[in-house]
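These notes are about the structure you will find just below.
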Amino acid sequence: RRFLASREQFHAYLRAGVEPGDRAGSGGGEGEAEKEEEEDGSCQSEPPAKRVRLEGLGQDGENREGAGAEEKEPVERRRARGQNKSRPCMKPGHYEQSRLCPSVTQGCAEKCYFGPRCRFLHNIGEYMATKPPDLGRSCVLFETFGKCVYGVTCRFAQAHLGDGYQNIVNTDLAKQWEGRSLVRNNLSKDLQHQLRKRKFSFRKADEYLRGLAKPHGHGGKGGKGTGCSAEEQEASNSVTPQEDLGGSPECPVLPEQGEDPKPDALQSPSPVKTVGPVTDEDIIKLRSREKKKLDIQGKLYLAPLTTCGNLPFRRICKRFGADVTCGEMAVCTNLLQGQSSEWALLKRHHTEDIFGVQARAFPDTMTKCAELLNQTIEVDFIDINVGCPIDLVYKKGGGCALMTRSNKFEQIVRGMNSVLDVPLTVKIRTGVQEKINVAHKIIPKIREWGASMVTLHGRSREQRYTRGADWDYIAECAKIATPMPLFGNGDILSYEDANRAMQMGVSGIMIARQVPAGALIKPWLFTEIKEQRHWDISSTERFDILKDFTSYGLEHWGSDTQGVEKTRKFLLEWLSFLCRYIPVGLLEYLPQKINERPPYYMGRDYLETLMASQNVDDWIKISELLLGPVPASFTFLPKHKANSYR
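Numbering of the sequence shown is given in the working numbering, commencing with residue 39 and proceeding in unit increments.
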């Protein structure tokens, strides 16, 4: 009770705290620095979800002044829900007007592809005159690998620049990393060229899709008529050869009797390159029993995380004990087009020993994408996202909509399974409507179609992430799924929650990040589950986790201005969830429930209080402690409306 505070007390304490230029973890901080600017009244108002349910306090847990004004404006008390769809986008040109040509950074300015037409600077002296000041004296890339590939553009360049702006290299350290690949599943220029020119061979996928086009009567079961659906035609426009390339139309033309059943579309435009001798495994299709098995019984599975489940965050969770990791959901159409930003979601760090990728699209694109990934990247499994509740995806027939379109669902699972050499998994929800569960009817079909595992989120699409997950229903579905493994998902925020979930008979648990978010609120949850304890982690330890994240981010996205700001962006997205954590030492009872939102409270030191703030300006202050001052005119809006206010 002694930690409780009113809104005014909470913000007055933070405003009187130390400035971002100093280390904020020293505690105290009352009156040690000048007051910051007052909150912008024109911005989004504070979310009214904060309620104090303790005796002796008012209904709102804060001073009653101004309460009448709130009652007169009930619209202001409505809960903010959904996404902030028109978020401001800070592009590189906003925070770096004069950029150095990459050819100069790589030491080959004379080989600039654009020559005199290049719009970037080629004079290092001119660039250094306008370059923002360095953010620190140590560069994580130079200290880890012995060389910083960003040279003079690095925001920590003073650590590795010599006379004449020469980039210093630690030869001994660099030799230790020579020839070692830290991140796999990169998109090569050759593969990107093949995809953009539509020269990649989809032999197995085309063979399967041609089978779907065979006539089975008018309007036959499974949608296996001669015509393609509108969404299949739209999605396949980006991956099938067009008229100008001399290819076949999107809907395969069936051969007449007596004709060669191999159309031109199935013939590879160029001979397939091989490495070493061709074996039977290269020619003969594997049977289901011969495929690699996915042995993750009883393991902790970090769910695919949109936006926040990037490679640096997965490294944090892996360090805390996550056994299985999965990349962010990728759109198959974009992968088939060779988009670099989409392929970046498939990157795998060498510490991720059990790693999968998640995809969504329509039957034709997903089957082709599965064959593409099977041939080009290293994964242990591929997951189909049938649990996405977003309206944009649902209205196009994807995500949760597939649970009501069993024919399309079957085509996707069977098609992907026919072209994959690795296990195929599926993630679903209890159903579409809140009180109508259908997962128990679909799970036996999924097992029959060839999936190796199912993950069940214990909520329907209508529930999204509100109310509690239905673990009794998950237990019922786990019995139906046998012998196929079923992982449960929903409301795991402590080791007690994990123990209760495992007692339900599931094969394992998936710890997700959705609103509310288990792994993002406390990534050390994996350690708590394995050690069966509550970890009263200090603010200094939590700040060290953020420091590690920024180091991983600079290593992954780069230490130049663009990489620093991208790291800051994803750090702020993560902080929008981290602020919901309540320190164990402050709780009246254990454990913290995932749907509980705390009242205003003072932490045991200034940094702990700062980390509890749901004000986006305070998150920016934390990012400045790690990555230096934000650029001029910097702005940030969290992805979810309920995550913050200004």
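We put the CB at the ideal spot given by N, CA and C, even for glycine.
- Message: Can you tell me whether residue 513 is helix, strand or coil according to DSSP?
- Response: Helix at residue 513.
- Drop a sphere of 10 angstroms on the beta-carbon of residue 355, count the other beta-carbons inside from all chains shown, and report buried for 16 or more, exposed for fewer. Counting the other Cβ atoms within 10 Å of the Cβ of residue 355 gives 16 or more, which makes it buried.
- Rounded separation between residue 515 and residue 362 - CA only: In this structure, the alpha-carbon of residue 515 lies about 22 Å from that of residue 362.
- Query: Taking the C-alpha atoms as reference points, what is the distance between residue 607 and residue 590?
  - Reply: Approximately 14 Å, taken between the alpha carbons.
- Query: Which residue comes first and which comes last in the beta strand (DSSP E) that contains residue 365?
  - Reply: That run of the beta strand (DSSP E) goes 363-369.
- Closest by CA to residue 500, which one among 541, 520, 470? Considering only 541, 520, 470, the residue with the shortest C-alpha distance to residue 500 is 470.
- Query: Mind pulling the alpha helix (DSSP H) runs of 4 or more residues that sit fully within the segment 535-598?
  - Reply: You should have 556-559, 563-569, 577-595.
- Message: Buried or exposed, going by whether 16 or more other CB atoms sit within 10 Å of the CB of residue 507?
- Response: Answer is buried; the Cβ neighbour count reaches 16.
- Item | residue 668 versus residue 598 - alpha carbon distance | Distance between the alpha carbons of residue 668 and residue 598 is about 14 Å.
- From the DSSP output, in three-state form, read off residue 397 for me. Annotated three-state conformation of residue 397 is strand, per DSSP.
- Is DSSP giving residue 115 helix, strand or coil here? With a pLDDT of only 47 at residue 115, under 50, the local geometry of the prediction cannot be trusted, and the value read off the model is given with reservation. Reduced to three states, the DSSP call for residue 115 is helix.
- Query: Below 7 Å between beta carbons: does that hold for residue 243 and residue 405?
  - Reply: Cβ distance < 7 Å, so residue 243 and residue 405 count as in contact.
- Cβ neighbour criterion (16 or more within 10 Å) applied to residue 524: Its Cβ being crowded by 16 or more others within 10 Å, residue 524 is buried.
- Alpha-carbon spacing of residue 560 relative to residue 179, whole angstroms: The alpha-carbon atoms of residue 560 and residue 179 are separated by roughly 27 Å.
- Message: Taking its Cβ as the centre, do 16 or more other Cβ atoms sit within 10 Å of residue 474, making it buried, or is it exposed?
- Response: Per the 10 Å Cβ criterion, exposed.
- Does the Cβ-Cβ distance between residue 346 and residue 611 come in under 7 Å? Yes, these two residues count as a Cβ contact at 7 Å.
- Query: Between residue 392 and residue 360, what straight-line distance do the alpha-carbon atoms span, to the nearest angstrom?
  - Reply: Going from the Cα of residue 392 to the Cα of residue 360 covers about 10 Å.
- Message: Between the alpha carbons of residue 219 and residue 210, how many angstroms are there, rounded?
- Response: Whole-angstrom Cα-Cα distance: 18 Å.
- Query: When DSSP builds the beta bridges, which residues end up paired with residue 419?
  - Reply: 394.
- Task: Please classify residue 368: is it buried, with 16 or more other beta-carbons within 10 angstroms of its beta-carbon, or exposed?
- Result: For residue 368, the number of other beta carbons within 10 angstroms of its own is at least 16, and it is reported as buried.
- Identify whether residue 90 lies in helix, strand or coil by the three-state DSSP scheme. Bear in mind that the predicted position of residue 90 carries a pLDDT of just 39, short of 50, making it unreliable; the figure below should be weighed with that in mind. Three-state DSSP puts residue 90 in coil, outside helix and strand.
- Item | Three-state secondary structure assigned by DSSP to residue 192 | Looking at residue 192 - three-state DSSP - the assignment turns out to be strand.
- Query: Is DSSP giving residue 205 helix, strand or coil here?
  - Reply: Note: residue 205 maps to strand in three-state DSSP.
- The alpha helix (DSSP H) spanning residue 465 covers which residue range? First-last for residue 465: 462-467, but that is the beta strand (DSSP E), not the alpha helix (DSSP H).
- Query: Which residues in the same chain as residue 538 place their Cβ atom closer than 8 Å to its Cβ, once the five residues preceding and following it in sequence are excluded?
  - Reply: The beta carbon of residue 538 lies closer than 8 Å to those of 509 in the same chain, with the five residues before and after it left out.
- From the DSSP output, which residues share a beta bridge with residue 524? 492.
- Query: What are the residues that DSSP puts in a beta bridge with residue 452?
  - Reply: Per the DSSP secondary-structure output, residue 452 pairs with nothing in a beta bridge.
- Item | Reduced DSSP secondary structure (H/G/I, E/B, other) of residue 619 | DSSP places residue 619 outside both helix and strand once states are collapsed to three, so it counts as coil.
- Quick one: grab the DSSP three-state call for residue 339. If DSSP states are grouped into helix, strand and coil, residue 339 belongs with the strands.
- Message: Considering just the uninterrupted stretch of the alpha helix (DSSP H) at residue 246, what are its terminal residues?
- Response: Residue 246 -> alpha helix (DSSP H) spans 241-250.
- Based on the DSSP secondary-structure assignment, which residues constitute the bridge partners of residue 387? Per DSSP, 221.
- To which residues of the same chain is residue 181 closer than 8 Å at the C-beta, ignoring the five residues directly before and after it? Setting aside the 5 residues that flank it on each side, residue 181 is surrounded in the same chain by 197, each with a C-beta closer than 8 Å to its C-beta; the list follows chain order.
- Task: Could you give the DSSP three-state label for residue 178: helix, strand or coil?
- Result: Residue 178 falls in the helix class under three-state DSSP.
- Task: Using the Cα positions of residue 424 and residue 448, report the straight-line distance between them to the nearest angstrom.
- Result: Near 12 Å, if we compare the C-alpha coordinates of residue 448 and residue 424.
- Query: Terminal residues of the continuous alpha helix (DSSP H) containing residue 229?
  - Reply: Counting along the chain, the alpha helix (DSSP H) containing residue 229 begins and ends at 227-234.
- Assumed close pair residue 158, residue 139 - CB separation to whole angstroms, cut-off 8 Å: The C-beta distance from residue 158 to residue 139 rounds to 4 Å, short enough to fall under 8 Å.
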